[in-house]
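Be aware that the sequence shown starts at 0, since it is given in numbering that gives the first Met the number 0, and climbs by one per residue. One structure is given below, encoded as structure tokens.
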Amino acid sequence: MSTDAPHNPQQFPAETALTPLRVGAVNYLNSKPLVEGFDGSRVAEGTRLSFDLPSRLADALAAGRLDVALVPVFEALRQPGHKIVSDACVASRGPVRSVKLYFRTEPARVRRLALDEGSRTSAALSRVLLGRRLGVEPERTSLPLGSGLADADADAVLLIGDRAMLQDEAPFHTVWDLGAEWLAETGLPFVFACWCVRTPLPDGSLVKELERCRDRGLDSVEAIAQREAPALGLTVEESVEYLSQNLKFRLGPQERQGLARFRTECEKQGLLAPNGAAVDG
Ligand SMILES: C=C(O[C@@H]1C=C(C(=O)O)C=C[C@H]1O)C(=O)O
Numbered sequence: 000m001s002t003d004a005p006h007n008p009q010q011f012p013a014e015t016a017l018t019p020l021r022v023g024a025v026n027y028l029n030s031k032p033l034v035e036g037f038d039g040s041r042v043a044e045g046t047r048l049s050f051d052l053p054s055r056l057a058d059a060l061a062a063g064r065l066d067v068a069l070v071p072v073f074e075a076l077r078q079p080g081h082k083i084v085s086d087a088c089v090a091s092r093g094p095v096r097s098v099k100l101y102f103r104t105e106p107a108r109v110r111r112l113a114l115d116e117g118s119r120t121s122a123a124l125s126r127v128l129l130g131r132r133l134g135v136e137p138e139r140t141s142l143p144l145g146s147g148l149a150d151a152d153a154d155a156v157l158l159i160g161d162r163a164m165l166q167d168e169a170p171f172h173t174v175w176d177l178g179a180e181w182l183a184e185t186g187l188p189f190v191f192a193c194w195c196v197r198t199p200l201p202d203g204s205l206v207k208e209l210e211r212c213r214d215r216g217l218d219s220v221e222a223i224a225q226r227e228a229p230a231l232g233l234t235v236e237e238s239v240e241y242l243s244q245n246l247k248f249r250l251g252p253q254e255r256q257g258l259a260r261f262r263t264e265c266e267k268q269g270l271l272a273p274n275g276a277a278v279d280g
């Protein structure tokens with residue numbers, strides 16, 4: 000084969016294989032293993048990876064400012080044009096540690112709920128659990144990223160991501176770890192985020208790169224924890240445990256079952272229209 004084969008238009012049409020992609024990933028510790036060693040040049044020259052809050056990634060994908068993004072799974076279910084493109088994801092089977100609902104009162108008495116601005120999935124999951132278990136449908140407000148638990152006077156406050164792992168739980172009436180509560184309720188894992196597109200990818204190179212990064216990330220948990228933990232105020236040990244025990248990064252058959260069940264529960268609570276987008280990637 001000639002050495003200039005990659006530039007031969009018959010083998011690699013320029014409009015497909017050479018399309019640079021705008022890729023967006025979540026800027027929390029939980030997503031670092033998914034993008035470990037990401038190399039855009041393996042996809043197409045000019046492919047870029049940027050980081051943001053999950054809710055903002057969802058808005059950017061919907062508006063066409065990103066081509067591929069790690070988005071809250073609730074958006075993948077809610078937006079008809081979204082398609083899951085990879086079996087790399089952010090999930091848990093039981094306690095997740097970084098998605099917590101802090102109650103200032105008995106859960107059955109919650110009237111006002113403040114929801115972390117970064118979240119879409121856990122915001123819906125909070126409503127599903129409160130509605131299903133207790134028949135509670137609270138009034139909702141958004142908790143901006145710059146605000147903490149002390150700034151919200153709601154009866155319950157949802158926090159996700161790194162900051163949810165740093166809170167003192169002692170002052171609260173009850174704290175729910177939503178991964179643990181979902182498992183107790185359904186016996187299933189819970190999927191928080193997955194890689195989605197709105198328009199089909201030009202070729203399989205990005206999907207391959209995302210899976211390569213995830214596998215490399217899972218082999219590098221210790222190094223990721225050492226690199227990231229100090230700036231987050233977490234210990235290396237708790238970060239290793241979080242990344243290797245609490246979180247799951249493969250969308251397997253049980254995770255897909257958990258995802259399908261979440262859609263059903265969202266439909267029952269009126270958060271999603273029946274027969275929404277397919278969840279099978
Ligand atoms: C486990 C987490 O999953 C996140 C939760 C999300 C949500 O609630 O919408 C979205 C992306 C994930 O990164 C977390 O943030 O702690």
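Glycine included, each C-beta is placed from N, C-alpha and C at the ideal position.
Measure the Cβ-Cβ separation of LEU28 and ASP167 and say whether it is below 8 angstroms.
Looking up residue 28 in the sequence shown gives position 29. Looking up residue 167 in the sequence shown gives position 168. No, they are not a contact pair.
Tell me whether PRO106, by its Cβ, gets closer than 7 angstroms to a heavy atom of ligand 1.
Position 107 of the sequence shown, counting from 1, holds the residue named residue 106. No, ligand 1 has no heavy atom inside 7 angstroms of this Cβ.
Residues bridged to LEU76 by DSSP?
The count along the sequence shown starts at 1 and reaches residue 76 at position 77. Answer is none; LEU76 lacks a bridge partner.
Please report the residue range of the beta strand (DSSP E) in which GLY186 lies.
Taking the sequence shown and counting its residues from 1, the one referred to as residue 186 is at position 187. GLY186 -> no beta strand (DSSP E), and no H or E assigned at all.
Between LEU76 and SER30, is the Cβ-Cβ spacing less than 8 angstroms?
The sequence position of residue 76 within the sequence shown is 77, counting from 1. The sequence position of residue 30 within the sequence shown is 31, counting from 1. The answer is no: Cβ separation not under 8 angstroms.
Quick check: what's the CA-CA separation for GLN268 versus VAL127?
Taking the first residue of the sequence shown as 1, we reach residue 268 at position 269. Taking the first residue of the sequence shown as 1, we reach residue 127 at position 128. Between GLN268 and VAL127, the C-alpha separation is close to 6 angstroms.
Here's the rule: buried if 16 or more other CB atoms are within 10 angstroms of the residue's CB, otherwise exposed. What is LEU148?
Here residue 148 refers to the residue found at position 149 when the sequence shown is read from its first residue. Buried, since its Cβ has 16 or more Cβ neighbours within 10 Å.
Looking only at its own chain, which residues have a Cβ that is under 7 angstroms from the Cβ of LEU20, when we skip the five neighbours before and after it?
Here the question's residue 20 lines up with position 21 in the sequence shown. Once the five neighbours on either side are set aside, the close Cβ partners of LEU20 are VAL42, ALA43, THR46, ASP66, VAL67 and LEU205.
Assign ASN7 to one of two classes, buried (16 or more other C-beta atoms within 10 Å of its C-beta) or exposed (fewer than that).
Walking along the sequence shown from the start, residue 7 turns up at place 8. Since pLDDT at ASN7 reaches only 40, below the 50 mark, its modelled position is unreliable, and the value read off the structure follows with that caveat. By the 10 Å Cβ count, ASN7 comes out exposed.
What I want to know is whether the C-beta of PRO71 ends up closer than 7 angstroms to one or more non-hydrogen atoms of ligand 1.
Here residue 71 is taken as the residue at index 72 of the sequence shown, counted from 1. Because some heavy atom of ligand 1 lies under 7 angstroms away, the Cβ of PRO71 counts as near it: yes.
Is the beta carbon of ILE223 within less than 7 angstroms of some heavy atom of ligand 1?
What you label residue 223 is simply residue 224 of the sequence shown in a count that begins at 1. Result no, Cβ not under 7 angstroms from ligand 1.
Considering only residues of the same chain and omitting the five flanking positions on each side of THR263, which have a CB-CB separation below 7 angstroms?
Residue mapping note: residue 263 aligns to position 264 of the sequence shown, counting from 1. So the list is empty, once near-sequence residues are dropped.
Does any heavy atom of ligand 1 sit closer than 7 angstroms to the C-beta of PRO53?
Looking up residue 53 in the sequence shown gives position 54. Yes.
Are the beta-carbon atoms belonging to GLU105 and SER141 less than 8 angstroms from one another?
Reading the sequence shown from its first residue, position 106 is the one you call residue 105. Reading the sequence shown from its first residue, position 142 is the one you call residue 141. The answer is no: Cβ separation not under 8 angstroms.
Is it the case that the Cβ atoms of ARG139 and LEU114 are separated by a distance below 8 angstroms?
As a position in the sequence shown, residue 139 is number 140, starting the count at 1. As a position in the sequence shown, residue 114 is number 115, starting the count at 1. For ARG139 and LEU114, yes; Cβs fall inside 8 angstroms.
Would you kindly report the start and end of the unbroken alpha helix (DSSP H) that includes PRO229?
Position 230 of the sequence shown, counted from the start, is the residue given in the question as residue 229. Looking at the DSSP string, the run of the alpha helix (DSSP H) that includes PRO229 is 220 to 231.
Compute the Euclidean distance between the alpha carbons of VAL34 and ARG226, then round it to the nearest angstrom.
What you label residue 34 is simply residue 35 of the sequence shown in a count that begins at 1. What you label residue 226 is simply residue 227 of the sequence shown in a count that begins at 1. One C-alpha to the other measures close to 14 angstroms.
Across which residues does DSSP place VAL67 in a beta bridge pair?
For the purposes of this step, residue 67 is taken as the residue at position 68 of the sequence shown. BP columns for VAL67 point to VAL22 and VAL196.
Using 8 angstroms for Cβ pairs, my map puts VAL190 next to LEU250. What's the rounded Cβ distance?
If you number the sequence shown from 1, residue 190 lands on position 191. If you number the sequence shown from 1, residue 250 lands on position 251. Yes, they are in contact, since the Cβ atoms of VAL190 and LEU250 sit about 7 angstroms apart, within 8 angstroms.
Within 10 angstroms of the Cβ of GLY257, are there 16 or more other Cβ atoms? Answer buried if so, exposed if not.
Indexing the sequence shown from 1 puts residue 257 at position 258. Buried, by the Cβ-count rule.
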